[in-house]
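*Asks:* First residue of the sequence shown? That's 0 in numbering that gives the first Met the number 0, and the numbers climb one at a time after it. Glycine included, every Cβ here is placed at the ideal spot set by N, Cα and C. Everything numeric in this text was worked out from a predicted model, so none of it was measured.
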Amino acid sequence: MVPGIAYFLVFHYGALFGNVIAFKEYIPFEGLWVSPWVGFDNFERMFADADFWHSVTNTLVIALLQLAFFFPVPLALALLLHSLTSDLLRRFVQSVVYLPHFLSWVIVVALFQQVLGGTGLLNGVLGDAGLHTVHIIGNPDAFQPLVVAQVIWKDGGWGTIIFLAALMQVNEELYESAALDGAGPWRRFWHVTLPQIRPIIILLLLLRIGDILSVGFEQMLLQRDAYGPEAAEIIDTFVYYQGLLQGDFGYAAAAGLFKGVIGAVLVYTANKVAHRLGEQGIYK
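1. With distances taken between CB atoms, is the gap from Ile208 to Ile61 smaller than 9 Å?
2. Counting pairs of beta carbons, one from the region 197 to 216 and one from the region 126 to 140, are three or more of them closer than 8 Å?
3. Assuming Phe70 and Leu212 make a contact with CB atoms under 8 Å, what is their CB distance in whole Å?
4. Taking all protein chains shown into account, decide if Gln218 is buried (16 or more other Cβ within 10 angstroms of its Cβ) or exposed.
5. State yes or no: is the C-beta of Trp36 within less than 9 Å of the C-beta of Phe22?
6. So, with DSSP's three-state summary, where would you put Val36?
7. Exposed or buried, which one is Ser82 when buried takes at least 16 other CB atoms within 10 Å?
8. Would you mind reading off the limits of the alpha helix (DSSP H) that contains Pro99?
9. Can you have a look at Gly249 and say buried or exposed, based on whether 16 or more other CB atoms are within 10 angstroms of its CB?
10. In chain order, which alpha helix (DSSP H) runs of at least 4 residues are fully inside the region 140 to 194?
11. Are the CB atoms of Ala67 and Phe142 nearer to each other than 9 Å?
12. Indicate whether Ala252 and Tyr25 have their beta-carbon atoms separated by less than 9 Å.
13. If you check the beta carbons only, do Thr236 and Leu78 fall under 9 Å apart?
14. To which residues of the same chain is Phe51 closer than 7 Å at the C-beta, ignoring the five residues directly before and after it?
15. If the criterion is Cβ atoms closer than 9 Å, does the pair Leu76 and Phe188 meet it?
16. What are the residues that DSSP puts in a beta bridge with Lys23?
17. Quick check on Thr58: does DSSP put it in helix, strand or coil?
18. Helix or strand or just coil, what does DSSP make of Met0?
19. Assign Ile208 to one of three DSSP states: helix, strand, or coil.
20. What span of residues does the alpha helix (DSSP H) with Glu232 cover, start to end?
21. Would you tell me roughly how many angstroms separate the C-alpha atoms of Asp154 and Glu43, rounded to the nearest one?
22. Note down, in chain order, each residue of its chain lying with its Cβ closer than 7 Å to the Cβ of Val147, except the 5 sequence neighbours on either side.
23. Less than 9 Å separating the beta-carbons of Trp157 and Tyr97?
24. So what does DSSP say about Asn270, is it helix, strand or coil?
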């Protein structure tokens, strides 16, 4: 456990002390403590910056789309895998749907470009058939659905692991009793499966809500230039460009701290809602 604990202590809890930069005009050559204090000036700039609010809007829209369309996919795949009677077929399907998770975002983005690009496979097939080609890669209007599709293809299968483990714990006698009472597949799912795995669903939903403002820095950064900041700028890329590329570290830190505070509030609120629903949540 030591390497894992050390990772979180150094890169998560230890890094929290760096948030002091948000209240300074940080100059790397002078150091953290010598750089002058500016109080809430960075936050005042941030709240008056239209580009920042545009990145917040893009982040929220993409996050809500992922929550609506990506979150149910692992559960659906887990139910499908759980229903397979052949162990060999189940293991084969699991291997196929797990594999994209281990590919880097560089490879995933390149694959989608090769398939959906202007000279990609899809347009090649449509052109050979005498049909109109489609403009997807580089089209700002198609960016948000595209990134959701990329996440589903890459991580949908990997997300089934916890749901499959939960489904394995459901007592088979409950299904048999429900079937004897005349319950069909849908009623067995609604009255047996769903109540049994509801705590896991709520727990994963809480974790997802807490991380809702992190919609994939690497995925967005790789495609930002192709679609433009109007479509692909999120909070993380805004912090990257303002801090590392433009050297405005205090301003970038303020944006990052804002994101962290909102995420903490969302986790706290969602956990309270889980308690009201009778579930344990993340903490008491």
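*Replies:* Quick answer:
1. Here residue 208 refers to the residue found at position 209 when the sequence shown is read from its first residue. Here residue 61 refers to the residue found at position 62 when the sequence shown is read from its first residue. It is not a contact, given that the beta carbons lie outside the stated cut-off.
2. With fewer than three CB-CB distances shorter than 8 Å, the region 197 to 216 does not count as touching the region 126 to 140.
3. By one-based count along the sequence shown, residue 70 stands at place 71. By one-based count along the sequence shown, residue 212 stands at place 213. Leu212 and Phe70 do not touch by the CB rule: their CB atoms are close to 15 Å apart, not below 8 Å.
4. Residue mapping note: residue 218 aligns to position 219 of the sequence shown, counting from 1. Burial state of Gln218 is buried, judged by a 10 Å Cβ sphere holding 16 or more other Cβ atoms.
5. Mapped onto the sequence shown, residue 36 falls at position 37. Mapped onto the sequence shown, residue 22 falls at position 23. The Cβ atoms of Trp36 and Phe22 lie closer than 9 Å to each other.
6. Here residue 36 is taken as the residue at index 37 of the sequence shown, counted from 1. Note that residue 36 is Trp in the sequence shown here, rather than Val. Note: Trp36 maps to strand in three-state DSSP.
7. Along the sequence shown, read from residue 1 onward, the residue named residue 82 stands at position 83. Within a 10 Å sphere around the beta-carbon of Ser82 sit fewer than 16 other beta-carbons, which makes this residue exposed.
8. Stepping through the sequence shown from its first residue, residue 99 is reached at position 100. That residue, Pro99, is in no alpha helix (DSSP H); it is neither H nor E in DSSP.
9. The residue you call residue 249 lines up with position 250 of the sequence shown. So Gly249 counts as buried.
10. List check, alpha helix (DSSP H) in window: 142 to 154, 159 to 167, 171 to 179, 184 to 187.
11. Taking the sequence shown and counting its residues from 1, one reaches residue 67 at position 68. Taking the sequence shown and counting its residues from 1, one reaches residue 142 at position 143. Between Ala67 and Phe142, the C-beta spacing is not below 9 Å.
12. Residue mapping note: residue 252 aligns to position 253 of the sequence shown, counting from 1. Residue mapping note: residue 25 aligns to position 26 of the sequence shown, counting from 1. Taking 9 Å as the Cβ cut-off, Ala252 and Tyr25 qualify as a contacting pair.
13. Residue 236 sits at position 237 when you count from the first residue of the sequence shown. Residue 78 sits at position 79 when you count from the first residue of the sequence shown. Their beta carbons are not under 9 Å apart, which means Thr236 does not touch Leu78 by this criterion.
14. The count along the sequence shown starts at 1 and reaches residue 51 at position 52. Contacts found: Met45, Phe237, Ala254.
15. Your numbering for residue 76 matches position 77 in the sequence shown. Your numbering for residue 188 matches position 189 in the sequence shown. Not in contact: Leu76 and Phe188 (Cβ atoms no closer than 9 Å).
16. Sequence index remark: in the sequence shown, residue 23 carries index 24 (1-based). According to DSSP, which records beta bridges pairwise, Lys23 is partnered with Trp36.
17. For the purposes of this step, residue 58 is identified with residue 59 of the sequence shown, where counting begins at 1. Here Thr58 sits in helix by DSSP.
18. On the sequence shown, position 1 is the one that residue 0 refers to. In the structure shown, the three-state DSSP call for Met0 is coil.
19. Indexing the sequence shown from 1 puts residue 208 at position 209. Reduced to three states, the DSSP call for Ile208 is helix.
20. For the purposes of this step, residue 232 is taken as residue 233 along the sequence shown, with counting starting at 1. First-last for Glu232: undefined, no H or E at that position.
21. Mapped onto the sequence shown, residue 154 falls at position 155. Mapped onto the sequence shown, residue 43 falls at position 44. The alpha-carbon atoms of Asp154 and Glu43 are separated by roughly 38 Å.
22. One-based indexing of the sequence shown puts residue 147 at position 148. Excluding residues within five positions, the ones whose Cβ falls inside 7 Å are Leu64, Gln65, Phe68, Phe69.
23. On the sequence shown, position 158 is the one that residue 157 refers to. On the sequence shown, position 98 is the one that residue 97 refers to. In contact: Trp157 and Tyr97 (Cβ atoms closer than 9 Å).
24. Taking the first residue of the sequence shown as position 1, residue 270 is located at position 271. The three-state secondary structure of Asn270, taken from DSSP, is helix.
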